[in-house]
Amino acid sequence: MSQFLENINFADAVPELSHRFGVFFFAGGLIPNPIDIRFQRVSGISTEVQLETINEGGQNLHAHRLPNRVGYNNLVLERGYVASRIPSPLNLEFNLAFSRFKFYPSNVLVTKFNEAGNPIGAWLFFKAYPVKWSMSDLDAQSNSVAVDTMELAYTRFQIMRI
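Numbers 1300 to 1461, taken from my numbering, label the letters of the sequence shown in order.
Now the structure itself:
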């Protein structure tokens, strides 16, 4: 076992670049959506333990800070505005949420790839559902890409090392 640990370099000399990733939506938790996988930016992958402060009677020098629950940010996905004849299942899901107040949570897998295109890590978001959708400004004096920004809330996520 010690020989195995000697061959591992825990301080990776070449950190992975952040631009190789894919986002996979699983309708009903099982079937991947083959259309909505490309995004230009994913953010909000973070979590923190929320603390509860308890003051002890007679103790004025410090308070006890105890873990209370785990909190998550929204998962934020950005991509160029999609104008295609093939309907985007993700756009349909967002339309249902915001026009009919119907939610169909799905699991979302954000996968990080290396230069060869092999998966090296992932984050699995459970029971994700739409909470915000915005469009970049339309500006006649600009020559920039129109960007859809989609936010998803979820119950929890799990880090997966591959």
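The beta carbon of each residue, even a glycine, is placed where N, CA and C say it ideally should be.
Starting from residue i, trace the alpha helix (DSSP H) in both directions and tell me its first and last residue.
i	result
residue 1396	1388–1399
Using C-beta distances below 7 angstroms, list every residue in its chain close to residue i, excluding the 5 sequence neighbours before and after it, in chain order.
i	result
residue 1419	1315, 1411, 1412, 1413, 1461
residue 1454	1425, 1426
Taking the Cβ atom as the reference point for each residue, do residue i and residue j lie within a distance shorter than 8 angstroms?
i	j	result
residue 1442	residue 1389	no
residue 1320	residue 1409	yes
residue 1392	residue 1366	no
residue 1352	residue 1371	no
residue 1394	residue 1451	no
residue 1322	residue 1336	yes
On a CA-only basis, which of the options is nearest residue i? Give me that one, please.
i	options	result
residue 1449	1346, 1456, 1380, 1353	1380
residue 1354	1438, 1364, 1348, 1345	1364
residue 1326	1395, 1405, 1432, 1456	1405
residue 1340	1377, 1366, 1357	1377
residue 1471	1338, 1432, 1334	Limits of the chain in this structure are 1300 at one end and 1461 at the other, which puts residue 1471 out of reach.
residue 1456	1338, 1401, 1386, 1369	1369
Kindly indicate the opening and closing residues of the beta strand (DSSP E) around residue i.
i	result
residue 1428	1418–1434
residue 1444	Counting along the chain, residue 1444 falls outside any beta strand (DSSP E), and DSSP gives it neither H nor E.
residue 1313	Note, residue 1313: premise wrong, no beta strand (DSSP E); not H, not E.
residue 1415	Segment: none, residue 1415 is in no beta strand (DSSP E) and carries neither H nor E.
residue 1343	Careful: residue 1343 lies outside any beta strand (DSSP E) and carries neither H nor E.
residue 1458	1455–1460
Using a Cβ-Cβ cut-off of 6 angstroms (strictly less than) and excluding sequence neighbours within five positions of residue i, which residues of its own chain qualify?
i	result
residue 1344	1422
residue 1445	1380, 1435
residue 1407	1324, 1424, 1427
By Cβ distance, which residues of its chain are closer than 8 angstroms to residue i, with the 5 residues on each side in sequence left out?
i	result
residue 1416	1319
residue 1348	1366, 1367, 1368, 1369, 1370
Segments assigned beta strand (DSSP E), at least 3 residues, entirely inside the segment 1345–1390: Those beta strand (DSSP E) runs which fall completely within the segment 1345–1390 and span 3+ residues are 1346–1353, 1363–1371, 1374–1379.
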